[in-house]
Amino acid sequence: MNEKTKTFRNLILRRSSDRQAAVPEPSDLDAGCVIQMKQLRKQYGEVTAVRGLDLVVRRGEVLGFLGPNGSGKTTTILMILGLTEPSGGWVRVLGYDPLRDPLSVKRSVGYMPDSTLPADGTVLGQCSPRCSSRPLRARKSERTLAG
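Okay, so the sequence shown: first residue is 33 according to my numbering, each after it adds one.
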């Protein structure tokens, strides 16, 4: 391991051990919530991507993140999925902590980033190849997806 790698590794380990994991109070948790977060925060150096986000999504609700580029939408989703660590606050998905139990979260959540949409930009275009790889015939899958 070269000197630069050692320095980087020690910096990461020190930062991780210095940070206290945010743990919700039992009274803060709501069993009826699919997604719950409190004071969720993410900083990249001096840049604050997400600042003190409180959010509750209950079963049956639909949520969309809307906002300009750089407003923290993707960063919030990555924290919900456990793909990046919050700088502060906490998040729970179906009661699971995405950082401590990421496999349970990933088994329960579907995520399709917008960068995977086909050239026509439609959900049907995204799903059609997946349906055609299954025993469904192409026409039947199109009818199924069209509703």
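Every residue gets a Cβ at the ideal spot worked out from N, C-alpha and C, and that includes glycine.
Which residues in the same chain have their Cβ closer than 8 Å to the Cβ of residue i, if we skip the five residues on either side of it in sequence?
{"i": "Leu72", "result": "Val82, Gly84, Leu85, Asp86, Leu87, Thr108, Met111, Pro118, Gly120, Gly121, Trp122 and Val123"}
{"i": "Lys105", "result": "Phe97, Leu98 and Gly99"}
With a 10 Å radius around its C-beta and 16 neighbouring C-beta atoms as the bar for buried, classify residue i as buried or exposed.
{"i": "Pro100", "result": "exposed"}
Go through its chain and collect everything with a Cβ distance to residue i's Cβ below 7 Å, but skip five positions before and after it.
{"i": "Arg90", "result": "Gly64, Cys65 and Val66"}
{"i": "Asp60", "result": "Lys70"}
Tell me the rounded alpha-carbon separation between residue i and residue j.
{"i": "Asp129", "j": "Val137", "result": "8 Å"}
{"i": "Gly142", "j": "Gly127", "result": "16 Å"}
{"i": "Val94", "j": "Thr80", "result": "26 Å"}
{"i": "Leu131", "j": "Arg139", "result": "14 Å"}
{"i": "Gln68", "j": "Leu115", "result": "17 Å"}
{"i": "Asp62", "j": "Ser103", "result": "27 Å"}
{"i": "Pro134", "j": "Gly92", "result": "23 Å"}
{"i": "Val125", "j": "Lys74", "result": "18 Å"}
From which residue to which residue does the beta strand (DSSP E) around residue i run?
{"i": "Leu72", "result": "Cys65 to Tyr76"}
For residue i, does the three-state DSSP call read helix, strand or coil?
{"i": "Arg83", "result": "strand"}
{"i": "Arg123", "result": "Note that residue 123 is Val in the sequence shown here, rather than Arg. Strand."}
{"i": "Val88", "result": "strand"}
Spatial neighbours of residue i within its chain, please: C-beta separation below 6 Å, excluding the five flanking residues on both sides.
{"i": "Gly77", "result": "none"}
Could you give the residue range of the alpha helix (DSSP H) that holds residue i?
{"i": "Val137", "result": "Pro134 to Ser140"}
{"i": "Thr107", "result": "Lys105 to Leu113"}
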